[in-house]
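Anchor point for the sequence shown: position 285 equals 293 in my numbering, and the numbering is continuous, going up by one each time.
Each residue gets a CB set at the ideal place from its N, CA and C atoms; glycine is no exception.
Please read these numbers as outputs of a predicted model, since none were measured by experiment.
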Amino acid sequence: MPMYDANDIIERKNREKRKRRLIRTIIIVILLLAAGAVYITQELWLPKLRGLGRQAQTIVNDGRLAEGNFPIELQGSGDYQLKYTGHSLALLSDAFVYFYNEDGALLKRRQHSYTNPVIDASNGRLLIFEIGGDEVSVEDETEVIYHLDFDNPIMFARLSPEGYTAVVTNSKSYDCEIFIYDRKGSCIYQRKCVEYVGDICFRDGSSGGVISYVNADKGTLVTKVQDVEFKENGEKWTSTEIDTFGLEVYGYDGGAFLLGMDACGYVNNDGILSSYYEYDGDLQGGSSENGQSAVIINNDDRRKYILALFDGGGLQPITIDLGQPLIDVTVADGLAYVMSQDSIVAYDFDGALRSTAQINDSYTGFVRSQENIYLKGRNKIDKINYES
């Protein structure tokens, strides 16, 4: 039978007590550190946690038309264009450019000399050009910021959030040419193209852009997408041909979303087609922001009116049949806003209905600001408050 010394037994018990106290101390320190981390980062996770209880709620806006300066009555022909610059409403008629504040008060009116003008707007600026014309104007509600003249007919132009301008013209020696101008109207980049340019968009603070090229292949129209830096030899990647006639291209996270006539798709940052969606019906409209895209498709023969929601590349869309013909769509701040004949609804990109508003007149489209929606009528513009 083994013999134990009393001192050994006491020492062993003391060691076990010290070990238990050390373990308890470590656990308490870990809990205190975790609690501190939770407290410090609460602004990151607390809004999301609070939002969990609201995800099932749908905001029902009353759709009541604003009064005061609204409706804005349109003079002359009913053919007009309306844009929200981020600061004001810009309205282009057949003879004038009007700037209104968000309450519908007229800020400025200027006459223009264009026959068939087109406008684009971003961050307080308005871009005006004419397809087939030879001049471009960039202005705001107070002044013409700069004016550009070209030797060859203009195909189209685009304006970036940073105030940069892209102009694509015909060319005598090439298929077309691309010119990029900074905020002051100085040319910083020029590209001679041997293929037809369908669209161009800016990315990464206007340091580069995404270009779509349309070609014919065996009797069908196909589109390639290319990512470029606005510097010499700035090509990053060029995609393979995508089986659709590309209408608009949107860049995001090194990749691109292509909205086509009969299909749409995502190209990743290696120029590889990561997803492709063919429409079952006629394209009515599409919009994309930060990689989130929405497309509306009307199929009158089958009485299917589809909203397709894409939460980034490489994913199949969520499709929702809204049950009536769709008119217009725009993506903003993580939501897809869709107009039908009697309502405007907003969906998130999980397919959840976030807000609705009834409308009671015949409108052809809408323009969204942060808190309001401006309804485009045949000869007037109405306004409703819209919480989403």
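Quick check on DSSP: helix, strand or coil for residue i?
i	result
Gly213	helix
Thr66	coil
Arg28	helix
Leu40	helix
Ile280	coil
Thr338	strand
Thr33	helix
Leu90	strand
Phe357	coil
Lys56	Residue placement at Lys56 is flagged as unreliable, the pLDDT there being 49, under the threshold of 50; the coordinate-derived value follows with that caveat. Correct three-state label for Lys56: helix.
Asp329	strand
Asp148	coil
Glu240	coil
Asp397	Outside the shown range of the chain, which is 9 to 396, sits residue 397, and nothing can be said about it.
Ser396	coil
Met269	coil
Glu297	strand
Glu75	coil
Thr177	strand
Arg362	strand
Ser194	coil
Ser377	coil
Gly61	Residue confidence is low: Gly61 scores 48 on pLDDT, short of 50, so the model does not pin down where it sits. No coordinate-derived value is stated.
Ser130	strand
Glu143	strand
Gly259	strand
Leu82	coil
Just grab the DSSP bridge partners of residue i for me.
i	result
Val205	Tyr221
Arg310	Arg310 is not bridged to any residue.
Pro125	Glu138
Tyr172	Answer by DSSP bridge pairing: none, since Tyr172 is not bridged.
Gln349	According to DSSP, which records beta bridges pairwise, Gln349 is partnered with nothing at all.
Gly254	Gly268
Lys200	Glu185
Leu229	Ala224
Thr246	Gln234
What span of residues does the beta strand (DSSP E) with residue i cover, start to end?
i	result
Tyr382	Asn380 to Lys384
Ser398	With the chain covering 9 to 396 only, the question about residue 398 has no answer from this structure.
Tyr182	Taken as a continuous stretch (DSSP letters only), Tyr182 belongs to no beta strand (DSSP E), as it is neither H nor E.
His155	Val152 to Asp157
Ile389	Lys388 to Asn393
Ser323	Correcting the residue identity first, residue 323 is Leu in this sequence and not Ser. Run containing Leu323: none; DSSP gives neither H nor E here.
Asp288	From DSSP, Asp288 is part of no beta strand (DSSP E); its letter is neither H nor E.
Arg166	Ile162 to Leu167
Phe107	Phe104 to Tyr108
Arg117	Leu114 to Gln119
Ala98	Leu97 to Leu100
Return yes when the Cβ of residue j is within less than 8 Å of the Cβ of residue i, no when it is not.
i	j	result
Glu297	Ala354	no
Glu81	Lys116	no
Thr66	Thr364	yes
Ile136	Val176	no
Leu343	Arg362	yes
Val233	Val218	yes
Ser423	Gly322	Because residue 423 is not part of the residues shown, which for the chain are 9 to 396, the question remains open.
Ser301	Phe253	no
Gly411	Ile162	Residue coverage of the chain in this structure runs from 9 to 396, which leaves residue 411 outside it and unanswerable.
Lys384	Leu90	yes
Leu330	Leu315	yes
Leu255	Leu267	yes
Tyr345	Arg376	yes
Gly299	Asp251	no
Gly213	Trp245	no
Phe238	Gly216	yes
Phe78	Gly132	no
Leu167	Gly193	no
Asp190	Tyr204	no
Gly273	Ile326	no
Met347	Asp356	no
Leu97	Tyr287	no
Assuming residue i and residue j form a contact by the criterion Cβ under 8 Å, report the distance between their Cβ atoms to the nearest whole angstrom.
i	j	result
Ile392	Gly76	Not really, about 13 Å apart at Cβ, beyond 8 Å.
Phe104	Gln119	6 Å
Asp183	Cys201	5 Å
Asn380	Glu138	Contact flag wrong, Cβ pair sits at about 30 Å.
Val303	Gly294	4 Å
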